[in-house]
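Input: a single structure, listed below in structure tokens.
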Amino acid sequence: MKALKVEGKRIGKVLDNAIETEKMIEKYESLASDLLEWIEQTIIILNNRKFANSLVGVQQQLQAFNTYRTVEKPPKFTEKGNLEVLLFTIQSKMRANNQKVYTPREGKLISDINKAWERLEKAEHERELALRTELIRQEKLEQLARRFDRKAAMRETWLSENQRLVSQDNFGFDLQAVEAATKKHEAIETDIAAYEERVQAVVSVAKEMETENYHDIKRITARKDNVIRLWEYLLELLKARRLRLELNLGLQRVFQEMLYIMDWMDEMKMLLLSQDYGKHLLGVEDLLQKHALVEADISIQADRVRNVNRNAQKFADDMEGYKPCDPQIIRDRVAHMDFCYQELSQLAAERRARLEESRRLWKFFWEMAEEEGWIREKEQILSSEDYGKDLTGALRLLSQHKAFEDEMSGRAAHLQQTIRQGEELVANGHFGADKIKERIQDIQEQWAALERLSAVRKARLQEACNQHQFQADADDMDTWMLDVLRIVSSVDVGHDEFSTQALVKKHKDVAEEIASYRPVIEALHEQAATLPPEKANSEEVQSRLAGIEERYKEVVELTRLRKQALQDALALYKMLSEASACEVWIDEKEQWLNSMDIPEKLEDLEVVQHRFESLEPEMNNQASRVAVVNQVARQLIHSGHPSEKEIKAQQDKLNTRWSQFRDLVDQKKDSLSSALGVQNYHLECNETKSWIKEKTKVIESTQELGNDLAGVMALQRKLTGMERDLAAIEDKLGDLGKEAERLASEHPEQSDAIKGRLAEITGVWDEMKDTMKNREESLGEASKLQQFLRELDDFQSWLSRTQTAIASEDMPNTLAEAEKLLTQHENIKNEIHNYEEDYQKMRDMGEMVTQGQTDAQYMFLRQRLQALDTGWNELHKMWENRQNLLSQSHAYQLFLRDTKQAEAFLNNQEYVLAHTEMPTTLEGAEAAIKKQEDFMTTLDANEEKISGVLDTGRRLVTDGNINAERIQEKVDSIDQRHKKNRAAASELLTRLKDNRDLQKFLQDCQELSLWINEKMLTAQDMSYDEARNLHSKWLKHQAFMAELQSNKEWLDKIDKDGQALMAEKPETEAMVKEKLASLTTMWQDLESTTQAKAKCLFDANKAELFTQSCADLDKWLAGLDGQLQSDDYGKDLTSVNILLKKQQILESQVEVRQKEVEELQGQSQALSQEGKGSDETDGQRISVEKKFQSLQAPLKKRRDILMASREIHQFNRDVEDEILWVEERMPLATSTDHGHNLQTVQLLIKKNQTLQKEIQGHQPRYDDIFERSQHVLREDSPTAELIRQRLAGLTALWEQIRKETEKRHTRLSEAHEAQQYYFDAAEAEAWMSEQELYMMLEEKAKDEQSSVAMLKKHQILEQAVEDYADTVHQLSSTSRGLVAAEHPDSERIGMRQSQVDKLYAGLKDLSEERRGKLDERLRLFQLNREVDDLEQWIAEREVVAGSHELGQDYEHVTMLQERFREFARDTGTIGQERVDTVNRQADELINGGHADAATVAEWKDGLNEAWADLLELIDTRTQILAASYELHKFYHDAKEILNRILDKHKKLPEELGRDQNTVETLQRMHTTFQHDIQALGTQVRQLQEDAVRLQSAYAGDKADDIQKREGEVLEAWKNLLEAAEGRRLKLSDTGDKFRFFSMVRDLMLWMEDVIRLIEAQEKPRDVSSVELLMNNHQGIKAEIDARNDSFTACIELGKALLARKHYASEEIKEKLLQLTDKRKDMIDKWEDRWEWLRLVLEVHQFSRDAGVAEAWLLGQDPYLSSREIGQSVDEVEKLIKRHEAFEKSAATWEERFAALERLTTMELLEVRRMQEEEEKKRQPPPSEAQPGDAAAQRREGEPVSQNGLPSDQESPRLDAPAVLSPQLLMLLLLYVVIYKLTLWNMNA
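According to the numbering used here, the sequence shown holds residues 48 to 1931 in order.
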């Protein structure tokens, strides 16, 4: 029980612990959940960034945040810590109770709480930052608001004040005041404009606050708007004030301009009112010019006045708005200014008229005076008896006379015009008419006398001119003949070829000149015949002509003789020149041949052979020159030349030298060929031996081939392919045997080596033949025929490819292309040559196979062989043609390359020549000449290149190049440009040299002028008035004059240079003369000024000056005597030289003083003449002269002593210098340092050589010292013994240094030979060691490129090793030579040489071993490359063959199908060939037992599998593409047909034509169009058939698509047919429309013509013309009636078109109305014209009758007015009978007069019209009835006949006003009334 109790307690305790633990867990979870929830809520609150928009609100939020941090957050942090303690307690208890440790759920772990707390901390930190940032922002906004308020208040105050200022208009009332106001306003504007930034600052602050969302932004915005409103209002006020100010300113400027103009007008009025009209012509002209200026000013002022008035009028207009002034004031001022200007213009016109009248009078008198003076002047000239003393004078006088006659003819017209002007003045009644008449008569008489004198003088001048002309021509001929005679009689034939050629050319010109002078002599004879008879037959003229003829014949004969002499001399000099050139060339080449040694190396031999090859063409050229010399010599000897012996000797000498030279060349060439043959023999032996060994290996490699057919054929291919090589090797062996025999006989010393090499090759050859024979015996004849056919196929394939390559027509466009094509073509030739042997063998084999065979296959084979022959021959011909074409193209491209270079040279030359300017200074001129000479040198250097280009081009043209024309153009262009540049360069150089001479002269002139000006200032110094320094000035002036005299040569030299410059360059004569004249003038002025100054100085105080001069000279002589008495002659060379310089100064002073002594005599004489002289002055002068003469000898003696002393001192100095020089160089000569290597030895040798050269260079100085010593020792000098000792020491030292240098040279030479050998041996060992290291490398190639590179590199190394044998042999021979010469290092040299030989032998063995390894590796890589390339190629082809691309359209699938077909063909041919080739190579490697044979077999199997897969893919894709092609073809056809249908539909034009013709054309085109679309119908039907076939083959979307395409095509076809039919109908309607329009247009035009004809009839003049017009008018009526049918047809057509509702019905209806109206108008006009004609006929009838009646009345009027009543009864009875007859006649005329008195129709019409007007006046005004309606009613009421005329057309119409105008009607009435009144009067 106790145990159970204990156990129960324990269990209860455990349960209590568990329950407590559960409670604690629940508490933990509850607390953790609450804490996490609070953290999340707090984070959300803290992350809220919506702050209060004010500073106070943000501050409150910040305070709340601080409260959270200090109040709310700390308990939570404590709670968090308690949670951690609680969790730890729970876990501890559970561990103590051995319970599973409690782990909170996910999300309530301590780590989760810590993470949440960290997020809370982060959110808290971010909240704090955000609050503080917002607080700062709100504080800034508050500051901005305060600043805005302050600035806004300031701006508002300022704006208000300125508004009041701008509102005031105090502008002033004159221009100055307004301008001042304007400036003030501008200042205000400037201030306001500057203030805009401040206003904008306020606005920007407000915008910033608005952007930052300031809480009181509404107030800010309102105040900102107020500031902006005030600112804008201020700107408006400012602008308005500116406008008003500008108006005031403009008006005041206009007023100011008016004032200026009025002032100017007042000034002009004063000028125009002047009464001065001139007192002579010049005065009048001057006044007129002044007046013209005044008028110009007035006209200019007119524009100014108009402008001012126009500007003022703008202000005077009654405009609204601001007015700066009363408009009436402005108008008054404008009117006043216009009146003043008009008055001024009138005054100007009046003054001009008065001045013009005055000018006419004075101009006449002036012109008459001028003519009179001219006549008097010419009379004096014509009265002269001077007719010229020679031809020049006579011609000059004659030309002057002709000029006088021309002048006289010109003056005559002017004189006549002046006379006419005078006569006009007389006719106008001028006040000077009498004087004018006298003046005219006097001038006319003087003019007639002048004409007579002119004719006489002209005749005399012509005679004198002819005589002088003859004498001058004869003198010219004599002078010319003397000059020519002197030239042709010269014995100078030149001293060389060039000078003789120049003489020949000059003589040719002289001969041509002599031949061309014969016509001149004949002209002289003709000229003599034209002289006057007494002169022409005079003895003087005849003898002169005869002498000229004789001298001319003599000149011709001498010309012929001199020509012969010059030709002989030229031939001789040419021969000698050519011979000399040949000898020089021979000497040069002989020297080269004699100095040439035959080398041992092959490379050196090839270099020498190349030189000999280049010598051959030179020898050919020289041989031709020698032949030319011999030919010329034979010609000269044959022609009997004076120097025949000299020519023969020169010829023999040249021929001998040439023969000797050729023998020498042949000898050297044989030696070279022999040595070259030996070297080539050894080289060919090595190559042949290698070749035979290679072929032996190939034969041995066939041992493993099987006996099956494939193996036998493969073996047969190899052995048969080698037959050509074996034959070539056999031929090569034969050639080598012959060559060996020849070389052994020529070189006995090398016979054993030559034959030994041949024996080696023969042994190898025999071994290979045995091997070959054994292999061929093992084969049969089984595969010969098939092999032949295969080779035939291969050959034909090659032949076809080669012909295609040769037949290419590609022509090169560049030199690189030409060279490439030529190389390719030459390669083809080599290939053809290589195949030639195959061709011959194939021919022979074919003939053997087909011989005697009749089977069809053999016949076909024979035909193939014949075709093969034809193709082979054609191939050769094609190659030759292509070769010729390419050679010409290559030559042309070479020429183009050279021409580009030449043109570049020419372009540079032209640029330089075009941009060279003449310098203006001497330095610039010399620099320009140097630059030009450099340019000329460059020009000469380039000339050879350009000449080569030209020669090449001409040679190409001569050879007939295909581009000959272009080449000739290039050659001509380059030649012309080159010659032009050469001439321009020479000319430019000449001009530059001329310019340099000129600039040098100008510089000399400038220097002399500057010197003269400087001296002129000295000469013009006149400050010698004071006597105290007079003598010193006199002495200075004497020295100045001496200086002038010495510089006179300067001027003479410049003058001489100037004369020479003018003689050489006449163009500089003006400038040079000007400079020389200027210098001469300046020099003369200087001399005159100097003389004047000297005279003035002397005259100033002659006696005192003379005394002072004597005293000064005496004093100077005493000092000189003291210097000469000195015994100081120098102690060394320096002191002696100083004394000599002093001596020279004394001598120069003596010369100057001697001139002063001579001048003393002249001064003494001048004093004696003036009476101032005395014995004392003479005594002084004589004393001075004696002292001066006594000092001459001591002066000379001292000079001699000083010279001797200097010579001795100089000699001693030279001896000491030489001894010192030898002692300095003696250590170097005696040195025992011979160097330790080659470089130091060479350096020591150079130093020793330099020392020897210095000794040789110093030898002349040494000799000079000993020569001078003889002169010094001859004199009795106390230092002679010392000098001899020094000379002996110098001699000993000199001999010692020479010997020592020779010894050192010998020792250094020996050391150099040894060091040179050591150096060469070390280089050889280093090189061979380096090559050994390379040969021993085990590096294997990683790919084919590296393998090929390594093999090539090894081949190069092998060749280098072979070539290095010569170096080793040379070292061996050098060492043997040194040992034989018993060199001190002989033992060391022998050991070194043996090391070199061993090293070389080992190197060769390593080389051969490495070569075999590299060959094996290369073959494996080649196969690997072929397999990889082929597999990659198959993979690429598989990508193409496996493509799923079936084409996007018909073109695409067609292209794919064609490409794939070509792809399959190429793949089958190329791929199979490549696969077979790779398989063959793999089999060869496997059979050859290659180390990697297994890998090769794997490569082969994989390749064959890939090839089979590719062929299967190709077949599959071919079938797929065929199916896709059919489908896309249907789509393409459907689309094409649809497009064609739509295109046809689009091509249906909407145009219906502009006229009938175009409509007919369109109808024809539409018919053609309908025929064209019929062809589309066939295609549509074919498309339907294809669609049915494809729908059966496809299903689903494809079938639906096919059906859809078919439906689109059928629908489009249907629409096209409907559109075509609709257009046909529309075109028909359009044709009818245009036919109707055409009929209407024709009728309208006809009616217009009729109307025009009706209206255009002329007005009748009588009854007959009126009747004619009426007949014509009736003809028009007949034509109108004839047109009725046309009108009817047109109207019916129009109605028909309207009836069928035509699309142009409105237009047709309008045309019908126009036609009807026009027809009615025409008929009305005809009727009106008809009525008018009837009226006019009646008027003209009345006129005619009235005229007859009037005539009758006028005829009877004399009878009735007669007063005769008869003198007798008979007479009375006759009168009575006559009166009775008159009464009877009058009775008959009564009816006519009655008819005339009846009213005509016109009068009746006028009466009716007047009655109607009276009725209208009496009637009231009518109602609003339209006259048009009345007219219409009238027309409706009138009956119209069929043709449109009224039915009562026969009755006259009385509607006259509608026909005649009122004016015409009144005229006719007046006419009728006048006639009637006349008749009435007559009846009365």
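Each residue gets a CB set at the ideal place from its N, CA and C atoms; glycine is no exception.
query: Identify whether D437 lies in helix, strand or coil by the three-state DSSP scheme.; result: coil
query: Quick test of your reading: D1709 and H1787, contact by CB under 8 Å. State the CB separation rounded to the nearest angstrom.; result: 6 Å
query: With the cut-off set at 7 Å, would you say K1003 and I993 are in Cβ contact?; result: Per the sequence shown, the amino acid found at residue 1003 is Leu instead of Lys. Against a cut-off of 7 Å, the Cβ pair of I993 and L1003 comes out as no contact.
query: Compare the C-alpha of T1127 against each of Q1196, L1055 and A1165 and name the closest.; result: L1055
query: Taking buried to mean at least 16 other C-beta atoms within 10 Å of its own C-beta, is K1244 buried or exposed?; result: exposed
query: Express the C-alpha separation of K60 and V53 in angstroms, rounding to a whole number.; result: 10 Å
query: In whole angstroms, give me the CA-to-CA distance for K1300 and L723.; result: 43 Å
query: Starting from P859, trace the alpha helix (DSSP H) both ways and give me its first and last residue.; result: Neither: P859 is in no alpha helix (DSSP H) and is coded neither H nor E.
query: Could you check the C-alpha separation between I1481 and D1648 for me, to the nearest Å?; result: 38 Å
query: When you compare only the Cα positions, how much space is there between V712 and L933?; result: 37 Å
query: Give me the residue from I561, F517 and H515 with the minimum Cα distance to I534.; result: I561
query: Would the beta-carbon of R378 fall within 7 Å of that of A363?; result: yes
query: Can you tell me whether A775 is buried or exposed? The criterion is at least 16 other CB atoms within 10 Å of its CB, across all chains shown.; result: exposed
query: I need the DSSP call for A1751, collapsed to helix, strand or coil.; result: coil
query: Quick one: give me the first and last residue of the alpha helix (DSSP H) that S1685 is part of.; result: D1644 to E1702
query: H327 and W409: beta carbons closer than 7 Å?; result: yes
query: Do L1657 and A1581 have their C-beta atoms within less than 7 Å of each other?; result: no
query: Does the beta-carbon distance from S624 to E544 come in below 7 Å?; result: yes
query: Just to confirm, are M1382 and L1285 a CB contact at a threshold of 7 Å?; result: no
query: So, using beta-carbon positions, are L130 and A79 closer together than 7 Å?; result: yes
query: Quick one: measure Cβ to Cβ for H1025 and L953, integer angstroms, because I've assumed they're closer than 8 Å.; result: 6 Å
query: Is the stretch 146-160 in contact with the stretch 216-231, if contact means three or more CB pairs nearer than 8 Å?; result: no
query: Thinking Q1091 and E1134 are a contact (beta carbons under 8 Å), I'd like their distance in whole angstroms, please.; result: Here residue 1091 turns out to be Leu, not Gln, going by the sequence shown. Contact holds; Cβ gap of about 7 Å.
query: At which residues does the alpha helix (DSSP H) containing S1020 begin and terminate?; result: A1011 to A1066
query: Do D1792 and L1852 have their C-beta atoms closer together than 7 Å?; result: no
query: Between the Cα of E1485 and the Cα atoms of G1515, K1706, S844 and R1457, which residue gives the shortest distance?; result: G1515
query: Can you tell which of K147, E168, N209 and E257 has the C-alpha that lies nearest to the C-alpha of F195?; result: E257
query: Counting C-beta neighbours from all protein chains within 10 Å, is the total for T439 16 or more, i.e. buried, or is it exposed?; result: exposed
query: Helix, strand or coil: how does DSSP classify E1349 here?; result: helix
query: Which residue from D385, S405, M455 and H448 puts its Cα closest to that of E419?; result: M455
query: By the DSSP assignment, the alpha helix (DSSP H) with L1425 in it spans what residues?; result: E1391 to A1427
query: Can you check which of these residues, K1234, I1588 and K1140, is closest to C1157 by C-alpha distance?; result: K1234
query: So is L62 buried or exposed if we call it buried at 16+ other beta carbons inside 10 Å?; result: exposed
query: If you draw a straight line from the alpha carbon of D1732 to that of D1764, how long is it in whole angstroms?; result: 17 Å
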